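Worksheet: the structure to be examined is printed underneath.
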Amino acid sequence: MKFEQLLSHLDSGVCVEQLQKESLLDIALMSQCVCGEIKPSELSHILQWANSLQWSASISLNEYVEESLTKCLVALKSNRMQSFIDHRMQQIEDAPLKDTAQFLINKINTVSKQKAEANI
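Under numbering that gives the first Met the number 0, think of the first position of the sequence shown as 0, with each following residue one higher.
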């Protein structure tokens, strides 16, 4: 799966600032939640990757993921997905991370478009 390869690639030490880590993790979670739910296997892959990061927030990684998942689902249900993504992208300054985030955003947009077309 390309997403697994992407997460493996991210474990290169490029992500050095906590805010960027959080923002990229939020976007990664949104890319898996965009269909309205996240499968346990998808969450497992994200958590494996996230555990490889040097997490330095006062909140534990697992708590952060739980809160972020809730925020992702709320943003989806309230049609604020784009503002959620835009806000997170503003926090990412490193070029490689921006590229990764953009890859995930393209995935989100593709799934959103397919979902919208299915509802027509």
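For each residue, glycine too, the CB sits at the ideal point set by N, CA and C. From a predicted model like this one, the values you see are computed outputs, not experimental measurements.
For residue i and residue j, what's the separation of their Cα atoms in angstroms?
i          : j          : result
residue 41 : residue 17 : 22 angstroms
residue 76 : residue 39 : 20 angstroms
residue 83 : residue 74 : 7 angstroms
residue 64 : residue 19 : 14 angstroms
residue 52 : residue 97 : 17 angstroms
residue 93 : residue 55 : 18 angstroms
Is it true that the CB of residue j sits closer than 8 angstroms to the CB of residue i?
i           : j          : result
residue 43  : residue 90 : no
residue 71  : residue 32 : yes
residue 100 : residue 26 : yes
residue 49  : residue 24 : yes
Closest to residue i by C-alpha separation, out of the options, would be which residue?
i           : options         : result
residue 81  : 118, 38 and 108 : 108
residue 115 : 100, 37 and 78  : 78
_Below 8 angstroms, how does it come out for the segment 48-66 and the segment 104-114: are there three or more Cβ pairs, yes or no?_
no
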